[in-house]
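Residue numbers (the numbering used here), protein chains in the order written: chain A, 1 to 172; chain B, 1001 to 1343; chain C, 2001 to 2122. Built from N, CA and C at the ideal position, the CB exists for glycine as well. The structure appears right after this line, and notes come after that.
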Amino acid sequence: MEVSLAVPPDAVFIVLTVITLLAAILALQAKELIYGAIALGVSFIGIAGFFILLDAPYLAMLQIAIYVGAVVVLILFTIMLVRRDVGEEVVERGERGESAAGLWIAGLLAVAIAGVAALAGPNLASSPPPGVLSVSDLGPVLVTEYPVPLIILALLLSAALLGALMLAKVER
Amino acid sequence: MVNLPNTPADIVPFIISIITSHTFITLVIFPGMIHLMIVSAFLTWYERKLLARIQLRIGPLYAGGIGGILQPVADGVKLIFKEVIVPYKADRTLFTWIPLVLIFLGTLPFAVIPFGAHWVIANLDVGLVFVFATTSLFPSMIIIFAWASNSKYPFIGGLRSLFQQVAYEIPMWISALSVVILAGSVNLVDIVKAQSKIWFIVPAFLSFIVFFICIMAELERLPFDLPEAEPELVAGWYTEASGAIFMALFLALYLKLYMMSALTTVLFLGGWWGPGFLPQPVWTILKAMVVATAIIIPRGIYPRIRVDMLIRIGWTRLLLIALANVFITVLVVNSGLLTAWGL
Amino acid sequence: MALNPWVVIVIWALLILLLTGPLLTLPYLMTFPKRKEDPFRDMPFESGQVPQGEARHRLAMQYYPYVLMFVVFDVVGMFLFAWGISFRAISASASFVVLLFLILLGAPLGFALRLALRRENW
Chain A
1 MEVSLAVPPD
11 AVFIVLTVIT
21 LLAAILALQA
31 KELIYGAIAL
41 GVSFIGIAGF
51 FILLDAPYLA
61 MLQIAIYVGA
71 VVVLILFTIM
81 LVRRDVGEEV
91 VERGERGESA
101 AGLWIAGLLA
111 VAIAGVAALA
121 GPNLASSPPP
131 GVLSVSDLGP
141 VLVTEYPVPL
151 IILALLLSAA
161 LLGALMLAKV
171 ER
Chain B
1001 MVNLPNTPAD
1011 IVPFIISIIT
1021 SHTFITLVIF
1031 PGMIHLMIVS
1041 AFLTWYERKL
1051 LARIQLRIGP
1061 LYAGGIGGIL
1071 QPVADGVKLI
1081 FKEVIVPYKA
1091 DRTLFTWIPL
1101 VLIFLGTLPF
1111 AVIPFGAHWV
1121 IANLDVGLVF
1131 VFATTSLFPS
1141 MIIIFAWASN
1151 SKYPFIGGLR
1161 SLFQQVAYEI
1171 PMWISALSVV
1181 ILAGSVNLVD
1191 IVKAQSKIWF
1201 IVPAFLSFIV
1211 FFICIMAELE
1221 RLPFDLPEAE
1231 PELVAGWYTE
1241 ASGAIFMALF
1251 LALYLKLYMM
1261 SALTTVLFLG
1271 GWWGPGFLPQ
1281 PVWTILKAMV
1291 VATAIIIPRG
1301 IYPRIRVDML
1311 IRIGWTRLLL
1321 IALANVFITV
1331 LVVNSGLLTA
1341 WGL
Chain C
2001 MALNPWVVIV
2011 IWALLILLLT
2021 GPLLTLPYLM
2031 TFPKRKEDPF
2041 RDMPFESGQV
2051 PQGEARHRLA
2061 MQYYPYVLMF
2071 VVFDVVGMFL
2081 FAWGISFRAI
2091 SASASFVVLL
2101 FLILLGAPLG
2111 FALRLALRRE
2121 NW
């Protein structure tokens, strides 16, 4: 990656991490559900940025088009299904035990991940493996080496579609 | 690589080297910001003049002397100084910032649309998918803006707009898939280069028709005008927008029009290919203007499509025609008919 | 300067924000300071009549199939693009998987469309 501006890739990574995490936290904590949905969309865009950093641009575009384009719309639609007055608080403030438990679990996860990384030692790659999979290589691999997952994906999507429609049909 | 300035005497050559670098020229001048702003402003004037002539009127006449050519500037100045009224108990933050996001989304795809063999801001390998990913963000922004307005007309208009754009986005993608199959790449520069012998409108004619119809639905142009149905919904999802916010939305809509026209040109009409007496970017802009004219003219001619017909057409007829054309393209490519055209 | 195209896109994005940001924020800042919410000036526009009732009314569940179909077909479209890029590079028989993929999804699509279009939603 030829970058003539003096920005090290790590800086981009840190900025993306901060944005994604803040957006994800905001998505959970926002009082207005619509703000939470928007923050979720921003965190998805952050994840797409990570995909770009990992040399997977097609996956990044897929992420944006599907997650931010369709799933966020679905979430917004679901939010608007719930009738509430303007300014009414939907999220109930729990006791302080909730945030303590959350911090505890996050600490355990951090220790676990650090332990695994320390155990892997010098084998841990610090950059994506060499050999870029270009976009035109993605299609043949998908069709020739992974036809079974493709069919399973079709069945999964069909099941999701039919299941959700059944639920929607019952509720008039 | 660039030589960063070491001494103060180096700064001026450094700045000059940046300004004359190809990246800077494409970013800022052509096909960058200045060209975009000028052309979108021109498109507003062009639309009003064209519709006026269709409707046996004259259109803008006074601003700027000849034919009201400075009318967009006059509109812009007027709208900047108008009062921005945020509806009672509306969501002020979203109401103010969503139009900016819409301008952003309308301008961002221009980074990958090529206006000439070297006149592209960023030659992405996933260019077409990048354009589709950014245009898929429009429906969610519109519904959020409509929700933020806290008013009935925008809300209904926003819902209709959401379902309309969502219904016509999939046939748009599938019809572009035919082009991708023919060209063998989603890189927009490669797609145009593959059309050197024949424009893709010929092998993929049905796809072109479907794509064109879907573009008109995405842009909310008549006959798909329902989210903005004036006798019913005043102005649809942007009823409550006033002043600078309306100007931003207006700009975003015309940027989107230009972007969709340029995309059609690149995908179906051969991009920059044309006889050599005009430079390549001029051909692209000319063809984009032809497409924009074809999008604007129905506004003065056709009646509005009813909402259930609209949704039905999008999900059934257009989707099936687009899929059928993908099959046709597959068959044609397999049969080897296209080798005569270098495809 | 040969820049990574993604870097150029980031620069382009920043350029857009830089040029259009003041366009919107300046008028807003000009009007921001002295405005309180006035129920009569800020009344939502309904051609003169006073709005009654909830503006953000509850959506109907009948519109759900459309959004869901969009999600499913978004995914399908992206996978079809991946296939379409390389279609001419692979043998024709390898593409039968994609045909099967589409046929498998065709039945739920038909059912979803029947469900969505049968009743008078619109």
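### Message
Using beta carbons (cut-off 7 Å, strictly below), is ILE1123 of chain B in contact with chain C?
### Response
In the second sequence, counting from the first residue as 1, residue 1123 of chain B sits at position 123. Looking at the sequence provided, one finds Asn at residue 1123 of chain B rather than Ile. Contacts with chain C at 7 Å (Cβ-Cβ) include ASN1123 of chain B.
### Message
Taking only three categories from DSSP, how would you classify ASP1010 of chain B?
### Response
In the second sequence, residue 1010 of chain B corresponds to position 10, counting from 1. Residue state, collapsed to three classes: helix.
### Task
Could you tell me the distance, in whole angstroms, from the CA atom of ARG1299 of chain B to the CA atom of CYS1214 of chain B?
The count along the second sequence starts at 1 and reaches residue 1299 of chain B at position 299. The count along the second sequence starts at 1 and reaches residue 1214 of chain B at position 214. Going by the C-alpha atoms only, they are around 15 Å apart.
### Message
Against chain B, with Cβ distances strictly below 7 Å, would VAL3 of chain A count as a contact?
### Response
Mapped onto the first sequence, residue 3 of chain A falls at position 3. With a pLDDT of 38 at VAL3 of chain A, under the threshold of 50, the predicted position of this residue should be treated as unreliable, and no value is reported.
### Query
With burial defined as no fewer than 16 other Cβ atoms inside 10 Å of the residue's Cβ, what is the status of ILE1098 of chain B: buried or exposed?
Against the second sequence, residue 1098 of chain B aligns to sequence position 98. That one is buried.
### Query
Does DSSP put ARG1057 of chain B in a helix, a strand or coil?
Taking the second sequence and counting its residues from 1, one reaches residue 1057 of chain B at position 57. ARG1057 of chain B: coil per DSSP, three-state reduction.
### Task
Would you mind stating whether ALA11 of chain A and ALA27 of chain A have Cβ atoms separated by less than 7 Å?
Within the first sequence, residue 11 of chain A is the residue found at index 11, counting from 1. Within the first sequence, residue 27 of chain A is the residue found at index 27, counting from 1. Not closer than 7 Å, so no.
### Message
Spatial neighbours of ALA1288 of chain B within its chain, please: C-beta separation below 6 Å, excluding the five flanking residues on both sides.
### Response
Numbered from 1 along the second sequence, position 288 holds the residue referred to as residue 1288 of chain B. The beta carbon of ALA1288 of chain B sits closer than 6 Å to those of SER1261, ALA1262 and THR1265, all from its chain and outside the five residues before and after it, given in chain order.
### Message
Cβ closer than 8 Å: which chain C residues qualify as neighbours of PRO140 of chain A?
### Response
Numbered from 1 along the first sequence, position 140 holds the residue referred to as residue 140 of chain A. The CB of PRO140 of chain A comes closer than 8 Å to the CB of SER2086, ALA2089, ILE2090 and ALA2094 in chain C, given here in chain order.
### Task
Answer yes if the segment 1157 to 1177 of chain B comes into contact with the segment 1315 to 1332 of chain B, meaning at least three C-beta pairs across the two stretches below 8 Å, and no otherwise.
Contact between the segment 1315 to 1332 of chain B and the segment 1157 to 1177 of chain B is established, with three or more Cβ pairs separated by less than 8 Å.
### Task
Along the alpha helix (DSSP H) that carries ILE1174 of chain B, what are the first and last residues, could you check?
Here residue 1174 of chain B refers to the residue found at position 174 when the second sequence is read from its first residue. In the DSSP annotation of this structure, the continuous segment of the alpha helix (DSSP H) that includes ILE1174 of chain B starts and ends at 1152 to 1183.
### Query
Roughly how many angstroms separate the alpha carbons of VAL2008 of chain C and ALA56 of chain A, rounded to a whole number?
Reading the third sequence from its first residue, position 8 is the one you call residue 2008 of chain C. Reading the first sequence from its first residue, position 56 is the one you call residue 56 of chain A. In this structure, the alpha-carbon of VAL2008 of chain C lies about 17 Å from that of ALA56 of chain A.
#### Entry: C-alpha gap between TYR58 of chain A and GLY49 of chain A, whole angstroms
Indexing the first sequence from 1 puts residue 58 of chain A at position 58. Indexing the first sequence from 1 puts residue 49 of chain A at position 49. Approximately 11 Å, taken between the alpha carbons.
### Backbone secondary structure at ASP1125 of chain B - three-state DSSP
Here the question's residue 1125 of chain B lines up with position 125 in the second sequence. Collapsing the DSSP output to three states places ASP1125 of chain B in coil.
### Query
Is LEU1036 of chain B close to chain A, meaning its C-beta is less than 7 Å from at least one C-beta of that chain?
The residue labelled residue 1036 of chain B in the question sits at position 36 within the second sequence. Answer no: the Cβ-Cβ gap between LEU1036 of chain B and chain A never drops below 7 Å.
### Query
For SER1040 of chain B, which three-state DSSP category applies?
For this step, residue 1040 of chain B is matched to residue 40 along the second sequence. When secondary structure is reduced to three states using DSSP, SER1040 of chain B falls in the helix class.
### Query
Alpha carbon to alpha carbon, what distance is there between PRO1109 of chain B and MET1001 of chain B?
Here residue 1001 of chain B refers to the residue found at position 1 when the second sequence is read from its first residue. Here residue 1109 of chain B refers to the residue found at position 109 when the second sequence is read from its first residue. Low local confidence applies: a pLDDT of 46 at MET1001 of chain B is under 50, so the model's placement there is unreliable, with the coordinate-based value given in what follows. A direct Cα-to-Cα measurement between MET1001 of chain B and PRO1109 of chain B gives close to 27 Å.
### Query
VAL1112 of chain B and PHE1130 of chain B: beta carbons closer than 7 Å?
Counted from its first residue, the second sequence places residue 1112 of chain B at position 112. Counted from its first residue, the second sequence places residue 1130 of chain B at position 130. Going by C-beta atoms, VAL1112 of chain B is nearer than 7 Å to PHE1130 of chain B.
### Task
For the segment 1079 to 1106 of chain B, enumerate the residues whose C-beta is nearer than 7 Å to any C-beta of chain C, in chain order.
Listed by position, the residues of the segment 1079 to 1106 of chain B near chain C (Cβ gap below 7 Å) are ILE1080, GLU1083, VAL1084, ILE1085, VAL1086, PRO1087, TYR1088, THR1096, PRO1099, LEU1100, ILE1103 and PHE1104.
### is_contact[LEU59 of chain A, chain C] using C-beta, thresh 7 Å
Within the first sequence, residue 59 of chain A is the residue found at index 59, counting from 1. Taking Cβ atoms only, chain C never reaches closer than 7 Å to LEU59 of chain A, which makes this a no.
#### Entry: Contact set for PRO2022 of chain C: own chain, Cβ-Cβ below 7 Å, skip 5 residues either direction
Within the third sequence, residue 2022 of chain C is the residue found at index 22, counting from 1. The beta carbon of PRO2022 of chain C lies closer than 7 Å to none in the same chain, with the five residues before and after it left out.
### Contact list for the segment 2062 to 2085 of chain C against chain B, Cβ threshold 8 Å
So the close ones are TYR2063, TYR2066, VAL2067, MET2069, PHE2070, PHE2073, ASP2074, GLY2077, MET2078, LEU2080, PHE2081, GLY2084 and ILE2085.
#### Entry: Listed by chain order, chain D residues near LEU1108 of chain B by CB distance under 8 Å
Although the question refers to chain D, the structure presented lacks it and instead comprises the protein chains A, B and C.
### Task
Give the range of the alpha helix (DSSP H) segment to which ILE34 of chain A is assigned.
As a working mapping, residue 34 of chain A is identified with position 34 in the first sequence. Looking at the DSSP string, the run of the alpha helix (DSSP H) that includes ILE34 of chain A is 33 to 53.
### Task
Output, in sequence order along the chain, the residues in the segment 1170 to 1203 of chain B whose CB is closer than 7 Å to any CB in chain C.
Along the segment 1170 to 1203 of chain B, the positions whose C-beta sits under 7 Å from a C-beta of chain C are ILE1170, TRP1173, ILE1174, LEU1177, VAL1180, ILE1181, GLY1184, SER1185 and VAL1186, read in chain order.
#### Entry: Straight-line Cα distance separating VAL15 of chain A from LEU53 of chain A
Looking up residue 53 of chain A in the first sequence gives position 53. Looking up residue 15 of chain A in the first sequence gives position 15. C-alpha separation (whole angstroms): 12 Å.
### Query
DSSP on PHE1246 of chain B, reduced to helix/strand/coil?
Counted from its first residue, the second sequence places residue 1246 of chain B at position 246. In the three-state DSSP reduction, PHE1246 of chain B falls in the helix class (H, G or I).
### Query
Would you say MET2069 of chain C and ALA2112 of chain C are within 7 Å of each other, going by their C-beta atoms?
What you label residue 2069 of chain C is simply residue 69 of the third sequence in a count that begins at 1. What you label residue 2112 of chain C is simply residue 112 of the third sequence in a count that begins at 1. It is a contact, given that the beta carbons lie within the stated cut-off.
### Message
Distance cutoff 7 Å, beta carbons only. Does ARG1317 of chain B sit that close to anything in chain C?
### Response
Taking the second sequence and counting its residues from 1, one reaches residue 1317 of chain B at position 317. Residue-level contact by beta carbon fails for ARG1317 of chain B and chain C, as no gap is shorter than 7 Å.
#### Entry: Buried versus exposed call for GLU1083 of chain B [16 or more other C-beta atoms within 10 Å across all chains shown]
Along the second sequence, one-based indexing puts residue 1083 of chain B at 83. By the neighbour-count rule (16 or more Cβ atoms within 10 Å), GLU1083 of chain B is not buried but exposed.
### Message
Alpha carbons only, please: which of B:MET1172, B:VAL1186 and B:VAL1077 is nearest the one belonging to GLY1243 of chain B?
### Response
Here residue 1243 of chain B is taken as the residue at index 243 of the second sequence, counted from 1. The candidate whose alpha carbon is nearest that of GLY1243 of chain B is B:VAL1077.
### Task
Confirm, please, whether the CB-CB distance from LEU1124 of chain B to PRO2005 of chain C is below 7 Å.
By 1-based counting over the third sequence, the position of residue 2005 of chain C is 5. By 1-based counting over the second sequence, the position of residue 1124 of chain B is 124. Going by C-beta atoms, PRO2005 of chain C is nearer than 7 Å to LEU1124 of chain B.
### Query
To which residues of the same chain is GLY41 of chain A closer than 7 Å at the C-beta, ignoring the five residues directly before and after it?
The residue given as residue 41 of chain A occupies position 41 in the first sequence. In its chain, beyond the 5 residues on either side, VAL68 and VAL72 have a beta carbon closer than 7 Å to the beta carbon of GLY41 of chain A.
### Task
Would you tell me roughly how many angstroms separate the C-alpha atoms of LEU955 of chain B and LYS1256 of chain B, rounded to the nearest one?
Here chain B covers residues 1001 to 1343 and nothing more, so residue 955 of chain B does not appear.
### Message
If contact is defined by three or more beta carbon pairs under 8 Å, each pair taking one atom from either stretch, is the segment 135 to 152 of chain A in contact with the segment 2078 to 2095 of chain C?
### Response
Touching, yes, given that three or more Cβ pairs across the two stretches are closer than 8 Å.
### Query
Are there 16 or more other CB atoms within 10 angstroms of the CB of HIS1035 of chain B, so buried, or fewer, so exposed?
Mapped onto the second sequence, residue 1035 of chain B falls at position 35. With 16 or more other Cβ atoms from the protein chains shown falling within 10 Å of its own Cβ, HIS1035 of chain B counts as buried.
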